[in-house]
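Residue numbers (full-length UniProt numbering): 1 to 143.
These notes concern the structure reproduced below.
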């Protein structure tokens, strides 16, 4: 887990572990914690030298199916990221989790083959088009 440190020192440095948080320099005096986009507040520490240190960690964005499983090839990413167009999946919703993370939820897209009356075409397999010779193809209708 990557942790960020928002340091209140006379030197202009705010850190994530050992890296600075861009655009958030240290400030003089004891200051309250801040909302920093892409980070969640973890804790405030009083250092032995009297400085105040606000610790943050990066939020994550994940892409999961309705059962909560990570979608293959789409691992969690640092920061708050937008939803993606994922082949074979349809976007359902975005959840903002209590810990500040973002979870985009998707469902698998299903393809079915039906006649004009809406009945499933018996014995159809996507790879064997020969079984469909007596049927004509209609334009795709999306609901």
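Glycine included, each C-beta is placed from N, C-alpha and C at the ideal position.
Inter-residue spacing [alpha-carbon to alpha-carbon] between residue i and residue j
i	j	result
residue 123	residue 108	22 Å
residue 41	residue 62	19 Å
residue 103	residue 85	14 Å
residue 65	residue 80	18 Å
residue 82	residue 35	20 Å
residue 27	residue 51	11 Å
residue 111	residue 89	11 Å
residue 93	residue 119	30 Å
residue 21	residue 54	12 Å
Residues near residue i by beta carbon distance below 7 Å, same chain, minus five either side
i	result
residue 78	58 and 60
Of the listed residues the options, nearest to residue i (C-alpha basis)
i	options	result
residue 32	93, 45, 117 and 49	45
residue 97	21, 68, 29 and 22	68
residue 29	73, 49 and 22	49
residue 38	119, 100, 75 and 91	100
residue 105	115, 23 and 91	91
Three-state secondary structure (DSSP) of residue i
i	result
residue 42	strand
residue 111	coil
residue 33	coil
residue 24	coil
residue 84	coil
Any non-hydrogen atom of the ligand ZN within 6 Å of residue i CB
i	result
residue 42	As presented, the structure is devoid of all ligands, the ligand ZN included, so that no description of it is given.
_alpha helix (DSSP H) runs wholly inside the segment 55-81, at least 4 long, in chain order_ = Taking only runs of at least 4 residues, no alpha helix (DSSP H) segment lies wholly in the segment 55-81.
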